Amino acid sequence: MALILYHSKKSGATKSILYLKSSSRHLFFKVGKGYSILNTGRLFLCFFLLLFHRTIILNGLAVISNPRIILIMNFFKKKRILLYWHESEYQWHESLDFYPNFNDLKLYFIRRHCNIVDSDLVGKWLKEQFQVKNYHKLPEAVDFNHVNQFFKDNKSKKSEVLIIQAVGSLCTRKGIDVFLKLAENTSNHFQFIWTGKLVEFDSSRKTLVERINQMAGYQKIIIEGFNPNPYLRILECDIFLLPSVNEPFGIVYLEALALGRYVIASPNSGFSSELNSTDIGYTYQKFEDLISFIREFDSDKYYYKDMINRRVEFSRMYDIISFEEKLNLILKECQNSQEILEDTSTKF
0 MALILYHSKK
10 SGATKSILYL
20 KSSSRHLFFK
30 VGKGYSILNT
40 GRLFLCFFLL
50 LFHRTIILNG
60 LAVISNPRII
70 LIMNFFKKKR
80 ILLYWHESEY
90 QWHESLDFYP
100 NFNDLKLYFI
110 RRHCNIVDSD
120 LVGKWLKEQF
130 QVKNYHKLPE
140 AVDFNHVNQF
150 FKDNKSKKSE
160 VLIIQAVGSL
170 CTRKGIDVFL
180 KLAENTSNHF
190 QFIWTGKLVE
200 FDSSRKTLVE
210 RINQMAGYQK
220 IIIEGFNPNP
230 YLRILECDIF
240 LLPSVNEPFG
250 IVYLEALALG
260 RYVIASPNSG
270 FSSELNSTDI
280 GYTYQKFEDL
290 ISFIREFDSD
300 KYYYKDMINR
310 RVEFSRMYDI
320 ISFEEKLNLI
330 LKECQNSQEI
340 LEDTSTKF
C-alpha cells in the first residue's frame, strides 16, 4: 500500500489518481501549501503517516516542489518515493524559490527518485530540464461511471450553427487568443463558447469579443464563467477545441471523447500524441492548418458526426481500471529494482 500525497481536488490533472480513493488500497492525504496553523498541523500528521509506509507517491507540482515536503523526505531515505508529474515548464518556473541552494536541493530530489509522467511531452521536459535518465508513463484516466450519467441523459438541443466549445481557465496558457482569432477568421456558420474561470479576461479581449459579435450580427462568441459541471455544455457542441499554448496532457480532451464529441487538440498538448494516429480527432500544427480543417468540417459535417461510437470506444482505453493496473505495475517495478538515480553535478 502506498501513501499518496496530493494538494488540490480541483485540479483536472489530479482527477485520475483521486478516482482511486473509493476502490484502491492506497492511503490518500491532502497536503496544505501555505504556512497556516492548520497546514502546519497537517504536516506533522503527514510525518507520522510516513513512518508506517514504505512507498510514497508525491502527486503534482504543488507537492513535489513544496520545500517542507522535500526536507521531510530527507529523513526517509530508505523509503521508495515516486514523483507523479502532470505539469511542465510553465508551472515549474512559477514554483521556483529565490534561494539558489534550495533549488539545487529540488534538483537533487527529482533526480534521486522515480519519476512518473502523464505524457511524453512532460517526460521530454523532465529530461531536458533536470537530466532525468528514465521515467514511467502513466496517462490520465476518465471515470466513466461519472461521465456516462450525463451521456445517458443527453437532451442536446438542435442548433442552426456548429458549436465549437472550450473548457478551461480563460487565460493565455489555455489558448484564449487562438480561440478568438479562429472565431474572427471563420464563417458565420459557427458559434464559439468558452466555459471556465475568467482568469485573464481583460478589457482588450472583451472589446474584441464585442466587435466580432457585432460584425457577425449574432452572439458568435459566448464567454461563460466557471461551471462545476461542464459536461452538458460539451454534449451540445460539434467540436471540442482547447488550443493551449502548453498543456501537459489535457484530461478534458478525453472527457470530450468519452461524450462522443469530435476533438481538436493543440500540438502543444501531451494528448496530441495519443490522438495523432486516429481519425476520431485532429491535431493541428499551425493556425493556418486549423482554419483549413474548420472549413473542411463545415463542408462535410455529417461525416464527422457519424463516429460517436468510435470516439467513446477510443476513450475507454483510458479508464480507471487500466490506470490503476498501470500504476500498480509501476509500483512493483520500482520496488523490485534499484531505480534510485545517482546525483550528478548540477548548474542552476
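All residue numbers for the sequence shown refer to numbering that gives the first Met the number 0, where the first residue is 0 and numbers rise by one.
Just so it is clear, CB atoms sit at the ideal spot from N, CA and C, and this is done for glycine as well.
Here the structure is a predicted model, which is why all the values come from computation and not from measurement.
Per-residue burial, residue i [other beta carbons within 10 Å of its own, 16 or more giving buried]
| i | result |
| --- | --- |
| K331 | exposed |
| Q190 | buried |
| Q164 | buried |
| S186 | exposed |
| N228 | exposed |
| R210 | exposed |
| I24 | The identity of residue 24 in the sequence shown is Arg, whereas the question assumes Ile. Result: exposed. |
| T206 | exposed |
| P247 | buried |
| D288 | exposed |
| D299 | exposed |
| K9 | exposed |
| E341 | Bear in mind that a pLDDT of 40 at E341, under 50, signals an unreliable position, so the model cannot answer this. |
| I220 | buried |
| L37 | exposed |
| S295 | Correcting the residue type first, residue 295 is Glu in the shown sequence and not Ser. By the 10 Å Cβ count, E295 comes out exposed. |
| F46 | exposed |
| E324 | exposed |
| Q337 | No answer about Q337 holds up, because its pLDDT of 47 lies below 50 and its placement is not dependable. |
Sheet register partners of residue i (DSSP bridge)
| i | result |
| --- | --- |
| S268 | E246 |
| D299 | In the DSSP output, where bridge partners are listed per residue, D299 has none listed. |
| H188 | Answer is none; H188 lacks a bridge partner. |
| I3 | F27, I56 |
| T194 | V166, E223 |
| I263 | L240, Y281 |
| D201 | Answer is none; D201 lacks a bridge partner. |
| L161 | F189 |
DSSP state of residue i mapped onto helix, strand, coil
| i | result |
| --- | --- |
| Q218 | coil |
| Y281 | strand |
| D237 | coil |
| H145 | helix |
| K180 | helix |
| D348 | Since the first residue shown for the chain is 0 and the last is 347, residue 348 is missing from the structure and cannot be characterised. |
| V251 | helix |
| L328 | helix |
| K136 | strand |
| L258 | coil |
| L207 | helix |
| R172 | coil |
Minimum C-alpha distance to residue i - residue among the options
| i | options | result |
| --- | --- | --- |
| A197 | K77, I293, I175, L104 | Before going on, a small fix: residue 197 reads as Leu here, not Ala. Of the candidates K77, I293, I175, L104, the one whose C-alpha sits nearest the C-alpha of L197 is I175. |
| Y5 | N114, H52, I63, I109 | I63 |
| I162 | R232, H145, L104, N308 | R232 |
| D142 | A12, V166, K285, L57 | A12 |
| F200 | L258, Y83, T171, L70 | T171 |
| F270 | G224, P138, L57 | P138 |
| E312 | L328, F296, I290, G280 | G280 |
| T282 | Y252, Q130, I307, M306 | Y252 |
| L234 | L258, F225, N212 | L258 |
| M239 | F225, G224, G249, V262 | Note that residue 239 is Phe in the sequence shown, not Met. Ranking F225, G224, G249, V262 by Cα distance to F239 puts V262 first. |
| K32 | G59, L19, T54 | G59 |
| S7 | L57, L241, Q284 | L57 |
Please give the ranges of any beta strand (DSSP E) in the segment 96–133, keeping only runs that are unbroken, at least 3 residues long and fully inside the region.
113–116
For a minimum of 3 consecutive residues, which ranges assigned as the beta strand (DSSP E) are wholly contained in the segment 26–100?
Runs found: 26–29, 54–58, 79–84.
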